[in-house]
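J.:
Residue numbers (the UniProt record's numbering): 1 to 166.
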(Lines of atoms letter the chains of each structure in order from A and count residues from 1; the text may use other names and numbers.)
(Lines give C-alpha, C1' and ligand atoms only; values in the text may rest on other atoms or scores of the structure.)
Protein backbone atom coordinates (compact mmCIF):
# COMPACT_ATOMS: atom_id res chain seq x y z
CA UNK A 1 0.00 0.00 0.00
CA UNK A 2 2.96 2.31 0.69
CA UNK A 3 4.15 2.12 -2.93
CA UNK A 4 0.70 3.02 -4.19
CA UNK A 5 0.41 5.97 -1.84
CA UNK A 6 3.90 7.11 -2.86
CA UNK A 7 2.74 7.29 -6.47
CA UNK A 8 -0.03 9.77 -5.72
CA UNK A 9 2.18 12.13 -3.74
CA UNK A 10 2.19 14.29 -6.80
CA UNK A 11 4.85 16.55 -8.13
CA UNK A 12 7.83 15.15 -6.19
CA UNK A 13 7.13 11.61 -7.38
CA UNK A 14 6.70 12.75 -10.98
CA UNK A 15 9.93 14.77 -10.78
CA UNK A 16 11.90 11.78 -9.45
CA UNK A 17 10.49 9.44 -12.09
CA UNK A 18 11.18 11.86 -14.93
CA UNK A 19 14.69 12.58 -13.67
CA UNK A 20 15.44 8.83 -13.53
CA UNK A 21 14.16 8.34 -17.06
CA UNK A 22 15.86 11.39 -18.57
CA UNK A 23 19.20 10.69 -16.88
CA UNK A 24 19.16 7.06 -18.02
CA UNK A 25 18.29 7.96 -21.61
CA UNK A 26 20.66 10.93 -21.85
CA UNK A 27 23.55 8.86 -20.49
CA UNK A 28 23.20 6.49 -23.47
CA UNK A 29 24.32 9.29 -25.78
CA UNK A 30 27.50 10.32 -23.93
CA UNK A 31 30.75 10.20 -25.88
CA UNK A 32 34.23 9.20 -24.65
CA UNK A 33 34.63 12.51 -22.81
CA UNK A 34 31.41 11.98 -20.88
CA UNK A 35 29.54 14.79 -22.64
CA UNK A 36 26.47 14.55 -24.77
CA UNK A 37 24.61 16.97 -26.96
CA UNK A 38 21.59 15.65 -28.78
CA UNK A 39 21.07 16.59 -32.41
CA UNK A 40 17.62 15.99 -33.87
CA UNK A 41 18.28 12.40 -35.00
CA UNK A 42 19.61 11.40 -31.58
CA UNK A 43 16.88 13.39 -29.87
CA UNK A 44 14.14 11.49 -31.68
CA UNK A 45 15.74 8.18 -30.71
CA UNK A 46 15.91 9.48 -27.14
CA UNK A 47 12.20 10.38 -27.27
CA UNK A 48 11.38 6.83 -28.36
CA UNK A 49 13.46 5.48 -25.48
CA UNK A 50 11.74 7.82 -23.00
CA UNK A 51 8.31 6.71 -24.14
CA UNK A 52 9.41 3.08 -23.95
CA UNK A 53 10.45 3.63 -20.31
CA UNK A 54 7.24 5.53 -19.53
CA UNK A 55 5.17 2.67 -20.89
CA UNK A 56 7.19 0.14 -18.87
CA UNK A 57 7.47 2.00 -15.57
CA UNK A 58 4.27 3.98 -15.15
CA UNK A 59 0.79 2.62 -14.57
CA UNK A 60 -1.89 3.39 -17.09
CA UNK A 61 -2.54 3.03 -20.79
CA UNK A 62 0.10 2.77 -23.52
CA UNK A 63 1.34 6.18 -24.68
CA UNK A 64 2.42 6.70 -28.27
CA UNK A 65 5.46 8.91 -28.89
CA UNK A 66 4.97 12.22 -30.71
CA UNK A 67 5.66 12.67 -34.40
CA UNK A 68 8.99 13.92 -35.73
CA UNK A 69 7.42 17.28 -36.55
CA UNK A 70 6.22 17.73 -32.96
CA UNK A 71 9.66 16.79 -31.64
CA UNK A 72 11.38 19.20 -34.05
CA UNK A 73 9.08 22.09 -33.04
CA UNK A 74 9.54 21.46 -29.32
CA UNK A 75 13.30 21.08 -29.77
CA UNK A 76 13.47 24.58 -31.23
CA UNK A 77 11.53 25.93 -28.26
CA UNK A 78 13.80 24.21 -25.70
CA UNK A 79 17.14 24.90 -27.40
CA UNK A 80 18.06 27.91 -25.26
CA UNK A 81 21.49 28.59 -26.81
CA UNK A 82 20.19 28.04 -30.38
CA UNK A 83 23.00 25.66 -31.35
CA UNK A 84 20.70 23.01 -32.83
CA UNK A 85 21.54 20.55 -30.02
CA UNK A 86 20.16 19.91 -26.56
CA UNK A 87 22.42 19.60 -23.54
CA UNK A 88 21.32 17.69 -20.43
CA UNK A 89 19.29 20.46 -18.79
CA UNK A 90 17.65 21.43 -22.09
CA UNK A 91 16.80 17.76 -22.60
CA UNK A 92 15.19 17.51 -19.13
CA UNK A 93 13.11 20.62 -19.87
CA UNK A 94 12.22 19.19 -23.30
CA UNK A 95 11.04 15.86 -21.84
CA UNK A 96 9.02 17.57 -19.10
CA UNK A 97 7.13 19.63 -21.65
CA UNK A 98 6.74 16.64 -23.97
CA UNK A 99 5.30 14.35 -21.29
CA UNK A 100 3.24 16.84 -19.29
CA UNK A 101 -0.10 15.41 -20.48
CA UNK A 102 1.11 11.84 -20.00
CA UNK A 103 1.65 12.37 -16.27
CA UNK A 104 -1.72 14.04 -15.88
CA UNK A 105 -3.41 10.95 -17.36
CA UNK A 106 -1.38 8.61 -15.11
CA UNK A 107 -2.20 10.66 -12.01
CA UNK A 108 -5.91 10.76 -12.83
CA UNK A 109 -5.98 6.99 -13.33
CA UNK A 110 -4.34 6.39 -9.96
CA UNK A 111 -6.70 8.76 -8.16
CA UNK A 112 -9.75 7.14 -9.73
CA UNK A 113 -8.52 3.67 -8.81
CA UNK A 114 -7.72 4.64 -5.25
CA UNK A 115 -10.98 6.52 -4.75
CA UNK A 116 -13.38 4.09 -6.43
CA UNK A 117 -11.87 0.83 -5.17
CA UNK A 118 -12.55 1.40 -1.43
CA UNK A 119 -16.16 2.38 -2.22
CA UNK A 120 -16.64 -0.76 -4.28
CA UNK A 121 -15.06 -2.78 -1.47
CA UNK A 122 -17.48 -1.51 1.13
CA UNK A 123 -20.45 -2.12 -1.17
CA UNK A 124 -19.35 -5.69 -1.86
CA UNK A 125 -18.79 -6.29 1.83
CA UNK A 126 -22.44 -5.52 2.49
CA UNK A 127 -23.59 -7.82 -0.30
CA UNK A 128 -21.67 -10.77 1.18
CA UNK A 129 -23.80 -10.74 4.35
CA UNK A 130 -26.23 -13.31 2.93
CA UNK A 131 -23.59 -15.67 1.49
CA UNK A 132 -23.30 -18.76 3.75
CA UNK A 133 -19.86 -19.22 5.29
CA UNK A 134 -18.16 -16.38 3.41
CA UNK A 135 -20.46 -13.66 4.71
CA UNK A 136 -19.60 -14.22 8.37
CA UNK A 137 -15.85 -14.22 7.69
CA UNK A 138 -15.99 -11.06 5.58
CA UNK A 139 -18.16 -9.25 8.15
CA UNK A 140 -15.54 -9.91 10.86
CA UNK A 141 -12.82 -8.11 8.86
CA UNK A 142 -12.60 -4.38 9.74
CA UNK A 143 -13.77 -2.05 6.97
CA UNK A 144 -10.37 -0.37 6.58
CA UNK A 145 -8.55 -3.69 6.18
CA UNK A 146 -11.15 -5.04 3.77
CA UNK A 147 -11.06 -1.85 1.65
CA UNK A 148 -7.26 -2.00 1.53
CA UNK A 149 -7.27 -5.64 0.46
CA UNK A 150 -9.79 -5.04 -2.31
CA UNK A 151 -7.89 -1.92 -3.49
CA UNK A 152 -4.61 -3.83 -3.64
CA UNK A 153 -6.34 -6.64 -5.52
CA UNK A 154 -7.73 -4.20 -8.09
CA UNK A 155 -4.30 -2.58 -8.55
CA UNK A 156 -2.74 -6.04 -8.93
CA UNK A 157 -5.28 -6.98 -11.62
CA UNK A 158 -4.57 -3.71 -13.44
CA UNK A 159 -0.85 -4.43 -13.47
CA UNK A 160 -1.42 -7.96 -14.75
CA UNK A 161 -3.68 -6.64 -17.50
CA UNK A 162 -1.07 -4.02 -18.47
CA UNK A 163 1.66 -6.69 -18.54
CA UNK A 164 -0.46 -8.87 -20.84
CA UNK A 165 -1.10 -5.90 -23.13
CA UNK A 166 2.62 -5.41 -23.67
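Backbone N, C-alpha and C fix where the C-beta goes; we use that ideal spot for every residue, glycine too. Bear in mind that the values here come from a model prediction, so they are computed numbers and not experimental data.
In chain order, what residues of the same chain have a beta carbon less than 7 Å from the beta carbon of residue 30, not counting five sequence neighbours either side?
T.: In the chain shown, counting from the first residue as 1, residue 30 sits at position 30. Taken in chain order, the residues that qualify are 36.
J.: Measure the alpha-carbon distance for residue 93 versus residue 62 and round it to whole angstroms.
T.: The sequence position of residue 93 within the chain shown is 93, counting from 1. The sequence position of residue 62 within the chain shown is 62, counting from 1. So the alpha carbons of these two residues sit roughly 22 Å apart.
J.: At a cut of 8 Å, does the stretch 119-127 reach the stretch 77-86 through at least three beta carbon pairs?
T.: no
J.: Cα separation between residue 18 and residue 126?
T.: Walking along the chain shown from the start, residue 18 turns up at place 18. Walking along the chain shown from the start, residue 126 turns up at place 126. Going from the Cα of residue 18 to the Cα of residue 126 covers about 42 Å.
J.: Once you ignore the five residues that flank residue 64 on each side, which residues in its own chain have a CB closer than 8 Å to its CB?
T.: Your numbering for residue 64 matches position 64 in the chain shown. Counting only Cβ-Cβ distances below 8 Å, and skipping sequence neighbours, we find 51.
J.: For residue 49, which beta-bridge partners are listed by DSSP?
T.: In the chain shown, counting from the first residue as 1, residue 49 sits at position 49. For residue 49, which the question treats as bridged, DSSP gives no partner whatsoever.
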